[in-house]
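Take a look at the structure set out below.
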Amino acid sequence: MPSENQRQADALRREEMARAAQRREAAAAQLQLDEFVTELRAAGIAPHPLRATLLNGVRVRTGLLGWYLNRAETLAVDQVGRYFQLICPGSPLSRLTGVRVFPAEPTLVIGRGGRDGETGDLSEFLDRARQRYNPAS
864 MPSENQRQAD ALRREEMARA AQRREAAAAQ LQLDEFVTEL RAAGIAPHPL RATLLNGVRV
924 RTGLLGWYLN RAETLAVDQV GRYFQLICPG SPLSRLTGVR VFPAEPTLVI GRGGRDGETG
984 DLSEFLDRAR QRYNPAS
C-alpha cells in the first residue's frame, strides 16, 4: 500500500500532467483562432464591434472589435486573436457604460461538460463562422 507521501506525489504528478495537457490544448486552439483571423483579414472582412450579453439577457458594448464564433454571439475572437466568452454579470449602469471582458483560454472543444448552449469542436464553430462572414469561402 502506498504511503501518504507517495499518494501526494502521485496526485501532484497527475495535476501537473493535466495542466500540461490543458496548455497543449490551448496552444492548438490558439493556432486555429490565429488562422481564422488571418483568413478573414486576407479576405478583407473587417472586424466589427463586439457586444456582451449580461446574465439578464441585455446586450452591452465591450469596446472590442472582432468576429463572433456562434449564432448566439456569446463567443468571439478579437482582431488580434484573443478568445472571449461574452456572457458576464453587469450592473444597471452597464447599459450606459458597457462592460470590460477578459480573454479566456481557448479550448478545442466548446462547451465541454456543459448541459446547455452550443457544444462542439472549435473547428466546427470556426467553419460556421467562416461561412457566416464569407459565404464565398
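Under my numbering, the letters of the sequence shown match residues 864 to 1000, in that order. Positions of the beta carbon are idealized from the N, C-alpha and C atoms, including for glycine. All values reported here derive from a predicted model rather than from experimental measurement.
Whole-angstrom distance between T982 and V972, CA atom to CA atom | About 7 Å.
Leaving aside the five residues before and after V962 along the sequence, list all residues of the same chain whose C-beta is less than 8 Å from its C-beta, in chain order.
-> A915, L917, V923, R924, T925, C951 and G953
Count the other C-beta atoms from every protein chain shown that fall within 10 angstroms of the C-beta of P969, then say buried if there are 16 or more, exposed otherwise.
-> buried
Does the stretch 936–948 touch the stretch 864–876, meaning 3 or more C-beta pairs lie closer than 8 Å?
-> no
For R958 and D897, the rounded distance between their alpha carbons | 31 Å
Using the rule of at least 16 other Cβ atoms within 10 Å of the residue's Cβ for burial, across every protein chain shown, is Q885 buried or exposed?
-> By the neighbour-count rule (16 or more Cβ atoms within 10 Å), Q885 is not buried but exposed.
The alpha helix (DSSP H) with Q948 in it runs from where to where?
-> Run containing Q948: none in the alpha helix (DSSP H); it sits in the beta strand (DSSP E), Y946 to Q948.
Below 8 Å on the Cβ atoms is my guess for P912 versus L928; work out the distance and round it to an integer in Å.
-> Going by Cβ atoms, the distance from P912 to L928 rounds to 6 Å, so yes, they are a contact pair.
In this structure, does DSSP put L896 in helix, strand or coil?
-> Shown here, L896 sits in a helix according to DSSP, grouped into three states.
CA nearest to the CA of N933, picked from T901, A905 and D984 = Answer by Cα proximity: D984.
Report the rounded CA-to-CA distance for R975 versus P955, giving the unit in angstroms.
-> 31 Å
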